[in-house]
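Shown next, in C-alpha cells, is the structure this report addresses.
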Amino acid sequence: MLRNVSKIISPELFTIKKLDASLAALLTIFALGFVGPTIYPVQPTAVVGPLETPPSQLYPLGTDAYGKDVLAQLMAGIRGSLQIGATAAAISLLIGVLIGLVAGYKGKIIDNLLMMLTDIVLLLPSILLMILVAAYFKWRDPLLVSIIIGVTSWPWVARAVRSQTLSLKNREFVNLSKMAGLSDFQIVIRDILPNVASYIFMAYVLLMSGAMLAETGLSMIGLGTTQGATLGNILFWAQVLEAVRRGLWWWFIPPGAVLVAMAASLLMIATALDEYFNPRLRGS
Amino acid sequence: MPTISPFIIYILRKGLFIAATFFAFLLIIFALPRAIPGNPVAALLTQIFQQAQANPDTVKAVYRKFLEEFGLHKPLHEQLFDFLSRLMTGDLGTSIAFYPRKVADLVASYLPWTLGLLIPAILVAWALGNLLGAWAAYRRRTRVDNALLPAFLVLSQVPYYWLAMILLYVLAVTARVFPVAGAYPPAMSPSLTPAFILAMLHHYTLPFLSIVIVAIGGWAIGMRVLVIYELRSDYVEYSELLGLSDKKILGYVFRNSILPQITGLALSMGTVMGGALITELVFSYPGTGYLLFRALSTLDYPLIQGTFIILVSTLLAANLIVDILYAYIDPRIRVSYVGD
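Residue numbers (our numbering), protein chains in the order written: chain A, 1 to 284; chain Z, 1001 to 1340.
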C-alpha cells in the first residue's frame, strides 16, 4: 500500500500544470481557513460593526444583516465545510470500497445482492435521500450531516471498485496466493487492495468535493448543520435574508466562490491523477 | 410457445428493477420516522394534541385525523399495510401546514412549474454539452481545448443555485433586465394569452439559464473523454486510410460516443432535480422546491413524504423512458438479452 502511495507522489506528477495550479488554489484556501484566524482574529459569531456594510478597510468582506463579519464567517465556514467534506468522504469511501471488494471478490449471489443494493441507491438521487433523512432530525451536528451525506454517496465507488476487483482476482499473483493457502481476507488486503489504491485515492478526492457541495445544498434547503459555521450556512442565511435582492453581493459571492474553487481544484486534481494513470487520455 | 421479442424482455426487466427500486424507496419513507429515536412524527402529533387541549373544538378534529392517517397506535405491519394501500388509491394524506388541503392536490399544482423548468433545461444542456465536448475533443491539444476544458471543469462544480444568485444579482437586481422573483407577474393570473406567455418566458429565462449553463460543463467533460477514446479506435484509422472526409468520420465517432451519454442522462436527472429544487428557492419560483421548503420549515411530514413520493416516481418514470429509448437506439442491448 505504502509503495503505491509513493508511486503516486513521484516528481514527474508535479509536471502536470493543472495539478500544480489546483494544489496552489487549495493550499491558499486551507491557509485562509486555518491560518487566517490568527492573522485576523475576529469572532465569526460576534456582532462587530454596523449592519450590512460593504467591504472596507475595517471589514475586508463587509458585514451581514446582523453586523457579523463576513470574512471571519468565511474562515470558519471553510473549516466547517472541509471537516464535513473530509468526514463524509471517508464514510462513503469505507462503504463503497467494502461493498466493491466483497462483491467483486466473492462473486455469485453475494455479488448479485450487493450490486442490486448498489443500483437501487444509485438510481435514487443522493441529494433527495439526504434531504429526506435530514428532515427527521431537529438537531444536526457536523458529524450527523457527514453521516447523512456519507451513507447516500457511495454507490459509484462500489461499482468501480467491484469492476477493478473482478479484473484483478484472476490474475496470476492472486492465484499464487491462493495456492499458498492465504485466506480470502489476506488476499483482498495484500493483493487486491494495493492495486486499487490509486483509484481509491482519486475517489476520495472526488467524494470530498461532492460532499462539500452536498453540504451546501442541504444547508440551502434549511437542513444543514445546526452547530457551527459552514460555507453552506453562510449562503443559507444570505438567501433567507434576501441578500441578493438587496444587493449585498459581499455576503453571497465569497462563500460560493471559495466553494467552487475548492470543488473545482479537487476535481482537477482527480482528473490530473486520472491522466497520469491512464496515459491514453494524455494524448499522442 | 410464442417467442417474445428480446426488446420486450429487456423493457420488462428494466421495469421490474425500477418497480423494485420504487418499493425500496417507499419502505425507506415508511421506516425513517419510525426508526429514528423519539419518532419525530409522534412528537409532532403530541404537539398538535397539546394545542388541542387549549383549543378543543377545531384542533381536536385535526389531531384525530392525523392520528388516524399515521395510525401509530397500531402494530407495525398494519401501519405498513395501511400506508401502502392508501398509496395505491393515490391518497398521500393531508397537509398540516396547508390544512385541510390534500397533499396530492398540493403537489399536483406545484409540479408543472418544476417539470416545465427541468425537462427543457436538462435536454438543452445535454445537447449543447455533448456538442461542445465533442468539439473540444476534436480540437484536442489546440487552444480551443485548452480554454474549454478548464471552463467545463469549473462550471461542472458550480452549484446551480449559486449561479442563480449571481445571475439574479447581475441581470435582475443591478441591470434590471429580468424580473427578480416568481414565475409570472403577481398582477397577472395564469392564462394562455400571448401577454401572459411572454411575461412567463421573461421570468423563465434566468432559472433556465442557471441550470443549463452549469449542466453543460458535466456533459461536455464526459463527451470529450468518450470522443477522445473513440477517435483512437481502429475504424477511425481505417476510415482515414480509406480517405473518408473528416466530417463523415466525426459523424460516426459522435454517434458511437453519444450512447453512454444517454445512460448518463438517466442517472444524472436526480442530481439535476435536487439542484433545481434549490434554484427555485432563489427565484421564489412556485415549483415543488418552494413547496418542499415550506413543508420542511413547518415540519409538515405528510407533505414532505408526499412531495418525495411524487418527485421520485416522476424521476423513475423518466428513467424508464430513457432506458427504453436507449434500447431502441442501440441494437446491441436487444441482442445481448437473447445471448445471441
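Even for Gly, the Cβ is constructed at its ideal location relative to N, Cα and C.
Residue from the options with nearest C-alpha to residue i
i, options, result
"Y1285/Z", "L1012/Z, A1318/Z, H1202/Z and I1048/Z", "H1202/Z"
"Q43/A", "E275/A, G247/A and G228/A", "G228/A"
"F236/A", "T1094/Z, L1311/Z, L1281/Z and R1332/Z", "L1281/Z"
"W154/A", "K169/A, I192/A and I200/A", "I200/A"
"F137/A", "W1162/Z, G1129/Z and A1043/Z", "A1043/Z"
"Y105/A", "M202/A, A76/A and R162/A", "R162/A"
"T38/A", "M130/A, L71/A and A158/A", "L71/A"
"E289/A", "Y1169/Z, Y1238/Z and G1275/Z", "A question about residue 289/A goes unanswered here, because the residues of chain A that appear run from 1 up to 284."
"L1087/Z", "L1167/Z, W1113/Z, T1307/Z and K1060/Z", "T1307/Z"
"K1060/Z", "H1073/Z, T1046/Z and G1071/Z", "T1046/Z"
"P1033/Z", "T1288/Z, Y1301/Z and A1183/Z", "Y1301/Z"
"I148/A", "T225/A, L266/A, V47/A and K68/A", "T225/A"
"V1272/Z", "A135/A, L101/A, I189/A and I127/A", "I127/A"
"A1327/Z", "I1011/Z, I1166/Z and R1255/Z", "I1011/Z"
"L1320/Z", "D1145/Z, L1291/Z, V1177/Z and T1263/Z", "T1263/Z"
"I1028/Z", "H1073/Z, Y1063/Z, I1009/Z and F1083/Z", "F1083/Z"
"S1095/Z", "V1062/Z, F1178/Z and A1035/Z", "V1062/Z"
"Q1261/Z", "W1135/Z, V1225/Z, F1049/Z and L1241/Z", "V1225/Z"
"L218/A", "E242/A, I253/A and S146/A", "S146/A"
"L266/A", "W1135/Z, I1324/Z and S1156/Z", "S1156/Z"
"M356/A", "L166/A, W156/A, M179/A and I269/A", "No information on residue 356/A is available, as it lies outside the stretch 1 to 284 that chain A covers here."
"Y276/A", "S198/A, L206/A and A238/A", "S198/A"
"G36/A", "L23/A, P50/A, P60/A and S56/A", "P60/A"
"F251/A", "L93/A, R159/A and T63/A", "Position check: residue 251/A holds Trp in this sequence, whereas Phe was assumed. When only C-alpha atoms are compared, the closest one is T63/A."
"P1207/Z", "G1182/Z, G1217/Z, S1189/Z and A1220/Z", "G1182/Z"
"S209/A", "T271/A, V188/A, D184/A and A160/A", "T271/A"
"Y66/A", "L74/A, L93/A and L51/A", "L51/A"
For residue i: DSSP bridge partner residues
i, result
"V47/A", "K68/A"
"K1014/Z", "None, per the DSSP bridge assignment."
"K1247/Z", "According to DSSP, which records beta bridges pairwise, K1247/Z is partnered with nothing at all."
"T152/A", "Beta-bridge pairing links T152/A to no other residue."
"T53/A", "Answer by DSSP bridge pairing: none, since T53/A is not bridged."
"K1102/Z", "T1094/Z"
"T63/A", "D69/A"
Within chain Z, the residues that residue i reaches when beta carbons sit closer than 9 Å
i, result
"S167/A", "Per Cβ cutoff of 9 Å: no residues; S167/A is ~18 Å from chain Z at best."
"L223/A", "L1296"
"A272/A", "Simply none; closest approach about 10 Å."
"V244/A", "A1164, M1165, I1166, L1168, Y1169, A1172, V1173, V1180 and V1282"
"S209/A", "Q1157"
Integer Cβ distance of residue i from residue j, believed to fall under 8 Å
i, j, result
"I1211/Z", "A1151/Z", "With a Cβ gap of about 17 Å, I1211/Z and A1151/Z do not count as contacting."
"P142/A", "I91/A", "At roughly 12 Å, the Cβ-Cβ gap does not stay under 8 Å, so P142/A and I91/A are not in contact."
"G222/A", "F1293/Z", "7 Å"
"V244/A", "V1173/Z", "7 Å"
"A211/A", "A89/A", "5 Å"
"V1312/Z", "L124/A", "7 Å"
"S1257/Z", "V1227/Z", "5 Å"
"L259/A", "L231/A", "5 Å"
Where residue i meets chain Z, residues with beta-carbon distance less than 7 Å
i, result
"W237/A", "Within 7 Å Cβ-Cβ: nothing; W237/A doesn't reach chain Z, min ~13 Å."
"Y136/A", "L1032, P1033, I1036 and P1040"
"F252/A", "M1165"
"I110/A", "Simply none; closest approach about 18 Å."
"A263/A", "Q1157"
"V133/A", "L1032"
"M268/A", "L1153"
"T216/A", "P1159"
"V102/A", "The premise fails here: V102/A is roughly 20 Å from chain Z at the closest Cβ pair, so nothing lies under 7 Å."
Within chain Z, the residues that residue i reaches when beta carbons sit closer than 8 Å
i, result
"I249/A", "Ile is not the amino acid found at residue 249/A; the sequence shown has Trp there. The contacting residues are Y1169."
"S153/A", "Correct list: empty, because the minimum Cβ distance to chain Z is about 11 Å."
"L213/A", "Q1157 and P1159"
"G49/A", "What G49/A touches in chain Z: nothing, since even the nearest Cβ is about 23 Å away."
Listed by chain order, chain A residues near residue i by CB distance under 8 Å
i, result
"F1083/Z", "Here the premise fails: no neighbours, minimum Cβ distance about 15 Å."
"L1267/Z", "L122 and L123"
Interface partners of residue i on chain A, CB under 7 Å
i, result
"Y1161/Z", "M220"
"L993/Z", "Chain Z is shown from 1001 up to 1340; residue 993/Z falls before or after that span and cannot be answered."
"S1024/Z", "Note that residue 1024/Z is Ala in the sequence shown, not Ser. Correct list: I120."
"F1293/Z", "I221 and G222"
"T1021/Z", "I120, L123 and L124"
"I1278/Z", "G217, M220 and I221"
Residue i Cβ short of 8 Å to the ligand GTP heavy atom set
i, result
"V151/A", "The ligand GTP is absent from the structure shown, which contains no ligand whatsoever."
Residue i: contacting residues in chain A (beta-carbon distance under 9 Å)
i, result
"M1273/Z", "P125, I127 and L128"
"L1315/Z", "L123, L124, P125 and L128"
Min CB distance residue i to chain B below 9 Å
i, result
"M116/A", "Given the protein chain composition of this structure (A and Z), no chain B is represented."
Which whole runs of the alpha helix (DSSP H) in the stretch 1022 to 1078 of chain Z are 4 residues long or more, in chain order?
List check, alpha helix (DSSP H) in window: 1040 to 1054 and 1056 to 1070.
Entirely within the stretch 1120 to 1174 of chain Z and at least 4 residues each: give me those alpha helix (DSSP H) ranges in chain order.
If we require 4 residues or more, the alpha helix (DSSP H) runs fully inside the stretch 1120 to 1174 of chain Z come out as 1143 to 1156 and 1160 to 1167.
Runs of alpha helix (DSSP H) wholly within the stretch 156 to 223 of chain A (minimum 4 residues, chain order):
Entirely contained in the stretch 156 to 223 of chain A, the alpha helix (DSSP H) runs reaching 4 residues are, in chain order, 172 to 179, 184 to 187 and 193 to 220.
Would you mind listing the alpha helix (DSSP H) stretches within the stretch 87 to 124 of chain A that are 4+ residues and don't spill past its ends, in chain order?
Within the stretch 87 to 124 of chain A, the complete alpha helix (DSSP H) runs of at least 4 residues are 108 to 123.
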